[in-house]
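**Student:** Pasting in a structure now, in structure tokens, and then I'll have a few things to ask.
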Amino acid sequence: MDFAFLDPGASDLVREPRREPSSDNRLAPKAVVGRVSLYLRQLEAFQRQGKTTVSSSLLGEALAINNAQVRKDLAFFGQFGYPGIGYRIEELIAALRHILGIDRDWPLAIVGLGNLGRALLKYRGFRSRGFHIAALFDNDPAKIGEDHDGLTVEPIEAMPRVVAARHVSLAILSVPAEAAQRVADQMVACGILGILNFAPVPLSVPPAVNVVAVDLSVQLEHLAYKVQNTQGGISFAGSTLRSHHDSLE
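And the structure:
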């Protein structure tokens, strides 16, 4: 199962570790962090192919991103290129993993073991990006006590004890919409600092807690919009808008 839509750089703001520290303390926008994740994956692909260096042009071409944008994004975090060489792939991979915070181990909790929660539990890509599932929670008596690869599904009431004992700071929330805010409040009270929210509702959390929303229906709406536009126009109220550039101004 492919969960490529889970973007390890999807947080809104990320502090910038620099190869050459600067005097400012800027935060990287979400779009930049998202592209950095793409650069990292492509660099790892190049490394598997035996490449040792890469230019911004080649990296950008592989991802359909302008090479000037590649250089600008990387320059946000420091100077990584070498004149006449480009980027040393192994070195840049290490730098980008550090920037994204995945050069360390992140214990992760899944809260809500419905169909989606179980599918995410089976996803093997987390481990390779520095995330390991350390705790499982649900409020369904039929699921509490289940064993999944050595992890026992705990009741949500046990969250404070389990989160503290296993040093969990990130969690995936995959509960029904009507329970999402209540459960999120419990997660925050336990010390969870980052929530990947699959519930189709916005969450209210303190400023120190980061939330990334993954609403699959919204993503499908975006996809439908793009496909509809590439098919020659938008059908709207009995008429067709032929040019989205002209008609959506």
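So for the sequence shown, our numbering puts the first residue at 8; every next one is plus one.
All C-beta atoms, glycine included, are put in the ideal place defined by N, C-alpha and C.
Mind reading off the beta-carbon distance from Tyr94 to Val61? Whole number of angstroms is fine, and I expect it under 8 Å.
**Tutor:** Indeed they touch by this definition, with Cβ atoms about 5 Å apart.
**Student:** Would you call Ala102 buried or exposed, if buried means 16 or more other Cβ atoms sit within 10 Å of its Cβ?
**Tutor:** The residue in question, Ala102, is buried, as its Cβ has 16 or more Cβ neighbours within 10 Å.
**Student:** Along the beta strand (DSSP E) that carries Val208, what are the first and last residues, could you check?
**Tutor:** No beta strand (DSSP E) contains Val208, which DSSP labels as neither H nor E.
**Student:** To the nearest angstrom, how far is the alpha carbon of Ile117 from that of Pro90?
**Tutor:** So the two alpha carbons sit approximately 46 Å from each other.
**Student:** Enumerate in chain order the residues of its own chain whose CB-to-CB distance from Ile3 is below 8 Å, with the five nearest sequence positions on each side excluded.
**Tutor:** It is not possible to answer for residue 3, since the shown part of the chain is limited to 8 through 256.
**Student:** Going by DSSP in three states, His105 sits in which element: helix, strand or coil?
**Tutor:** If DSSP states are grouped into helix, strand and coil, His105 belongs with the helices.
**Student:** Do you know offhand how far Met194's Cα is from Thr237's?
**Tutor:** Whole-angstrom Cα-Cα distance: 42 Å.
**Student:** For a cutoff of 8 Å on Cβ pairs, would you count Arg48 as touching chain D?
**Tutor:** Among the chains in the structure shown there is no chain D, since it carries only a single protein chain.
**Student:** Can you give the beta carbon distance from Arg189 to Ala141, rounded, assuming they're within the 8 Å contact cut?
**Tutor:** Rounded, the Cβ-Cβ distance is 23 Å, inconsistent with contact.
**Student:** Going by Cα to Cα distance, which pick from Val208, Val169 and Tyr46 is closest to Cys197?
**Tutor:** Among Val208, Val169 and Tyr46, the Cα nearest to that of Cys197 is on Val169.
**Student:** Can you tell which of Ala186, Asn74, Leu127 and Ile100 has its C-alpha closest to the C-alpha of Gln54?
**Tutor:** It is Ile100 whose Cα lies nearest to the Cα of Gln54.
**Student:** Measure the Cβ-Cβ separation of Ile199 and Val225 and say whether it is below 8 Å.
**Tutor:** No.
**Student:** Report the rounded CA-to-CA distance for Pro148 versus Ala220, giving the unit in angstroms.
**Tutor:** Going by the C-alpha atoms only, they are around 27 Å apart.
**Student:** Can you find the residues in the same chain that come closer than 8 Å, C-beta to C-beta, to Tyr111, ignoring five residues on each side of it along the sequence?
**Tutor:** First, the residue type needs correcting, since residue 111 is Arg and not Tyr in the sequence shown. Around Arg111: Gly137.
**Student:** If Leu177 and Leu158 are in contact, beta carbons under 8 Å, what's the gap, nearest whole angstrom?
**Tutor:** About 16 Å separates the two Cβ atoms, so there is no contact after all.
**Student:** Ends of the beta strand (DSSP E) at Glu51?
**Tutor:** Unbroken run through Glu51 is the alpha helix (DSSP H), Lys37 to Arg55; no beta strand (DSSP E).
**Student:** Express the C-alpha separation of Ala191 and Pro213 in angstroms, rounding to a whole number.
**Tutor:** Computed Cα separation, rounded: 11 Å.
**Student:** Pop quiz: Gly119 and Leu50 are said to be a contact at Cβ under 8 Å. What is the actual Cβ separation, rounded to whole angstroms?
**Tutor:** Rounded, the Cβ-Cβ distance is 34 Å, inconsistent with contact.
**Student:** Between Leu107 and Ala165, what straight-line distance do the alpha-carbon atoms span, to the nearest angstrom?
**Tutor:** Approximately 30 Å, taken between the alpha carbons.
**Student:** Report the rounded CA-to-CA distance for Gly67 versus Val77, giving the unit in angstroms.
**Tutor:** Spanning the two alpha carbons is a distance of roughly 6 Å.
**Student:** Measure the C-alpha to C-alpha separation of His229 and Gln235 and round it to an integer number of angstroms.
**Tutor:** Rounded to whole angstroms, His229 to Gln235 spans 10 Å at the Cα level.
**Student:** Please list the terminal residues of the continuous alpha helix (DSSP H) segment that includes Asn217.
**Tutor:** No alpha helix (DSSP H) contains Asn217, which is instead part of the beta strand (DSSP E) from Asn217 to Ala220.
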